[in-house]
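Here this note's numbering is used: the first residue of the sequence shown is 1, the next is one more, and so on. Ideal Cβ positions, reconstructed from N, Cα and C, are used throughout, including at glycine. Report on one structure; see the data block that follows.
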Amino acid sequence: MNKKKAVWGFLSLGIAILTIMMIASGSKEFSLDTMMAYLSRANKLWLAAGLLCMFGYIWFEGYALVHICRTLGYQSAKRQGTVYGAADVFFSAITPSASGGQPASMFFMLRDGMNIPACTTALLINLVMYTLATLTIGSLSVLFHFNLFRRMSLFSRILIVVGCFIMTGLSLLFYMLLRRGEILYRLCDRVMEMLGKRKLLSNLTKKQAKLKKKMAEYQQCSDEIAGHGWMLIRIFIINLLQRLSQIGVTFTIFMALGEGLRTSVEGFVVQAFTALGSNSIPIPGGMGGADYLMLDGFGEILGRDAASIEMLCRGCSFYVCIITSALIVLAGYFMGRKRSLRK
């Protein structure tokens, strides 16, 4: 959307290439031929299920946003929601922030006729439920598979625990910003004052008055959502399904490779650990850290060099996912431009 996003995009591409090179060079058993051999003998139905899970991660993200938008009175289509979800997934993957995709989603939501307070409310609700869903799956995985958690390296365990604390802190922060609009207002007002003192923002008083009006609308949206308890439960369930879709990619690939149900479930658990632990790495998409956690966990459950399987799982759940998201974003952007030109 801007030069900063483009810089992070190229940086993410560089990190991705470097990560793949390090995995390839650090494993004696890894080779492209080995990985292709795995693919050639894999069960194609389970591989197709993995791709479906990958797409589900994008689709459920957008469906949750559409569901919230409809509660706020905006009749967004599910097709539009897919673009919202893809924008969030793609830009979150190429920026180091936990909420890096929110401005991109907001761009499309504003273009479709939503106002800023409603967009902000919808995105914050979804962030709260997303972090709670990640914490729920990760915590249950540690609880029911503590022995696997204990067998992983000390560094992996530290990353997972730190990631858990970070996700807990983020969920509390997002909830406070959602329910206590005055906190968000004070933050925005101070930023505007700082920019005004440095002569980077003109008509400061007029803009502050506009901000105050928008924040009143934002609080009204937040209060309206708070009165829809069942809707919030549904959004949490949708986010659970979204997270399960992404983590389920590993399960389907393990099943496709004939690893058996028990080992495939353990692969799922390692991916759940990774979803928590990668949040403690301030790198776009948790690249490097996520790969380390998956390699460590897969090595424990497979008892051999797991680099090829890790590359397959990570490739489908992350790299193919962000490429798919990028294509959806591009299609949504240009189709949207054509619609606006016809108007």
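(1) With respect to the alpha helix (DSSP H) encompassing F318, which residues constitute its N-terminal and C-terminal limits?
(2) Quick check: the segment 77 to 95 against the segment 107 to 118, are at least 3 beta-carbon pairs closer than 8 Å?
(3) Between which two residues does the alpha helix (DSSP H) containing D291 stretch?
(4) Going by the beta-carbon positions, is the gap between G277 and L293 smaller than 7 Å?
(5) Return the Cβ separation of M194 and L204 in integer angstroms, given the expectation that the two are a contact with Cβ distance under 8 Å.
(6) Tell me where the alpha helix (DSSP H) around T131 begins and ends.
(7) Is it the case that the segment 264 to 272 contacts the segment 50 to 63, given that we only count it when at least three CB pairs across the two stretches are under 8 Å?
(8) If you reduce the DSSP assignment to three classes, tell me which class I281 lands in.
(9) Excluding the 5 residues preceding and the 5 following Y175 in the sequence, name in chain order all residues of the same chain whose CB lies nearer than 8 Å to its CB.
(10) Answer yes if the segment 53 to 73 comes into contact with the segment 298 to 310, meaning at least three C-beta pairs across the two stretches below 8 Å, and no otherwise.
(11) Which residue's Cα is closest to the Cα of I158: L170, V142, S171?
(12) What's the gap between the Cα of V329 and the Cα of C321?
(13) Of the choices F334, N239, Q246, whose alpha-carbon is the least far from that of Y319?
(14) Measure the alpha-carbon distance for R70 versus R150 and round it to whole angstroms.
(15) Measuring from the CB of K206, is there a heavy atom of the ligand NAP at a distance below 6 Å?
(16) Per DSSP, what kind of secondary structure is Q75 in: helix, strand or coil?
(17) To the nearest whole angstrom, what separates the beta carbons of L312 and M35, a pair I think is in contact under 8 Å?
(18) Quick check: N126 and A64, are their CB atoms within less than 7 Å of each other?
(19) Specify the secondary structure class of R157 as computed by DSSP and reduced to three states.
Concretely, from the data shown:
(1) DSSP places F318 outside any alpha helix (DSSP H), giving it a letter other than H or E.
(2) yes
(3) Unbroken alpha helix (DSSP H) run through D291: 289 to 302.
(4) yes
(5) Incorrect: roughly 10 Å between the Cβ atoms, too far for contact.
(6) 116 to 144
(7) When Cβ pairs closer than 8 Å are counted between the two stretches, the segment 50 to 63 is seen not to touch the segment 264 to 272, the count staying below three.
(8) coil
(9) V128
(10) Three or more beta-carbon pairs separated by less than 8 Å are not found between the segment 298 to 310 and the segment 53 to 73, which leaves the two stretches without contact.
(11) V142
(12) Computed Cα separation, rounded: 12 Å.
(13) Q246
(14) 44 Å
(15) Of the ligands one can find in the structure shown there are none, so the ligand NAP has no counterpart to examine.
(16) coil
(17) 6 Å
(18) yes
(19) If DSSP states are grouped into helix, strand and coil, R157 belongs with the helices.
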